[in-house]
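Undergrad:
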Amino acid sequence: MADNVRYELETVRVKDLPPRTVYRQDAGIPVGLSRLVQAGKSGAVVDTYRLKYVEGRLAARSKLNRSIYRAQDAIFAVNPADARAGRPETPPSPQGRTPAEPI
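Going by UniProt numbering, the sequence shown opens with residue 1, and the numbers climb by one from there.
Put into structure tokens, the structure is as follows:
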């Protein structure tokens, strides 16, 4: 590599992925109250680029990778009689999609 050429890496946060809120049933929790079981954490979509500098000036920028870091759910315990307890813990299956037939 020539002395006047250098490379750097650049990461760009493209999108934040918010955590879901999940409710779990716990009869020990009074109706109307909730207890935090696990704090949620945001996820992100991140692109990585390689930057090429020639004589100190940017000569090329090429995308190397896109990484997706999944969010962690926020989990709350609620009484089974609480209306929130009826919400599903897992996301519903996509509508209009049928499983592929085995070959």
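Even glycine gets a Cβ: it sits at the ideal position worked out from N, Cα and C.
1. Between residue 43 and the rest of its own chain, which residues show a CB-CB distance below 6 Å, the 5 nearest in sequence each way excluded?
2. Got a sec, what are the start and stop residues for the beta strand (DSSP E) residue 52 sits in?
3. Which same chain residues end up closer than 8 Å to residue 103 when comparing Cβ atoms and leaving out the 5 residues on each side of it in sequence?
4. Which class does residue 15 belong to by DSSP, given the choice of helix, strand or coil?
5. Are there three or more Cβ pairs, one per stretch, closer than 8 Å when the stretch 71-84 is compared with the stretch 25-41?
TA: If we stick to the structure as given:
1. Here the question's residue 43 lines up with position 43 in the sequence shown. Cβ within range, chain order: 17, 69, 70, 71.
2. Within the sequence shown, the letter at position 52 stands for residue 52. Looking at the DSSP string, the run of the beta strand (DSSP E) that includes residue 52 is 43-54.
3. The residue given as residue 103 occupies position 103 in the sequence shown. Residue confidence is low: residue 103 scores 43 on pLDDT, short of 50, so the model does not pin down where it sits. No coordinate-derived value is stated.
4. Against the sequence shown, residue 15 aligns to sequence position 15. Reduced to three states, the DSSP call for residue 15 is strand.
5. yes
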